[in-house]
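Quick notes on the structure that follows.
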Amino acid sequence: MPFVTIDLLRGKSAAYLAAVSQSVHDALVEGLGMQQDDRFQLIHQHEREEMVVARDFRGGPRSDDFLVVTIVDGLQRGDAKKKAFYRALVRNLSANPGTKPADVFVKMHETAPVNFSFADGVSGTETVAREALDRAATVPGTRDAYTPDEMAQAVTELFRDNDRARLVSMLRDDFVFKMPKSMPYGGEFVGAKAFDDYLARVVGSGNEYYSSFVTELVRLIEAEHHLTAQIAITATGKTTGEQMHVENAWVFDTTGGVFRSAQIYADTAAGRETAG
């Protein structure tokens, strides 16, 4: 996630700039534990009068090879990792392209992940949560708890993208899902597999009740121990041909960073009439 800006005097060769870029990146990977493919840099070259540098203040003597490395990071790395990065940086730059340690100035800024958007108008918070869920999904159910951002991301993808895989991967065997029993597909379902089977039967490719079933996430309300998803549903009954446009709410109990239960509050009359 770190975004890097490198400032130095104009006139360096392409090979020199490439060496600086690589040395900075390698130091981030080594010192801060940054992912190898997380590489975003801007290199600015300045005229001599545009870089005003004290040649001997708190270091030096500084030469015309002086450069400033600015890091904007969305994670708090801690003092030890920052110091390890500083050491790796001056060592790497000294080796290639030959920048003296006295000529290396570093600025680090930490900011919340939400202040990043890597692409597609998606906040960095969602991106980081999705990546964490991807890693956790390789061995479902092995994590003891999830962060609020991770849990919110899983619920968002369920209703916004019709993608239940992330949420299912986070559920434990004692997870309880409740649908009003007055619905033809209502009842209580326990465990990740039962929940997954339910969604496949009601809204997925194996849908038994609707020829079409589209959900839209209206808003997600986050509380200390709950996530409430307000959703809009547009559906067509498979046997009745009736159309349904309703809103309902899913309330997830997230106590202790775990999805413990989910309860649907729905317009059961409309559901029964449409499903048949």
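Heads up, the sequence shown is in the working numbering, so the first residue is 324 and it goes up one at a time.
Glycine included, each C-beta is placed from N, C-alpha and C at the ideal position.
Any idea what DSSP makes of residue i, helix, strand or coil?
i    : result
A589 : coil
D387 : coil
D361 : coil
Y339 : helix
H367 : strand
E511 : strand
Y521 : helix
A435 : coil
A403 : helix
L355 : helix
R414 : helix
T422 : coil
R542 : strand
K504 : coil
V427 : strand
V526 : coil
D349 : helix
Which residue or residues does DSSP assign as beta-bridge partners of residue i?
i    : result
Q566 : T559
V601 : A question about residue 601 goes unanswered here, because the residues of the chain that appear run from 324 up to 599.
Y533 : G560
D330 : H367, V391
D396 : E433
A442 : V445
E373 : Answer by DSSP bridge pairing: none, since E373 is not bridged.
For residue i, which option in the options has the closest C-alpha, if you only look at C-alpha atoms?
i    : options                : result
H367 : R381, D396, L332       : L332
T551 : H568, Q586, S346       : Q586
L416 : V343, D497, A592, V525 : V343
G397 : A593, S440, R378       : S440
G401 : D496, V451, M431       : M431
E449 : Q476, P471, R489       : Q476
T479 : T470, D443, R542, E511 : R542
T577 : H549, L522, S386, Y339 : H549
A468 : D520, L494, F408       : L494
S346 : F408, Q553, S492, P384 : F408
Q445 : M357, R483, A593       : Residue 445 is actually Val in this sequence, not Gln. Checking every option, the nearest Cα to that of V445 belongs to R483.
E370 : G334, Q359, L351       : G334
T470 : L340, V581, A341, E353 : V581
A523 : N485, D496, V499       : N485
D426 : R385, Q399, V437, E570 : R385
Q399 : V413, R414, M357       : M357
F498 : S505, K504, Y508, D519 : D519
A558 : N438, M474, D443, V525 : V525
T538 : N571, T562, G509       : N571
D387 : D443, T434, P424, G564 : P424
V569 : V352, T591, E433       : T591
Y508 : E473, A589, L540       : A589
S584 : R381, L490, G382       : L490
E353 : K405, A435, E372       : K405
Stretch pair the stretch 534-552 + the stretch 502-522: three plus CB contacts closer than 8 Å: no
Three CB pairs or more closer than 8 Å across the stretch 326-341 and the stretch 388-395: yes
Length-filtered (3 minimum) beta strand (DSSP E) runs lying within the stretch 480-504: 499-502
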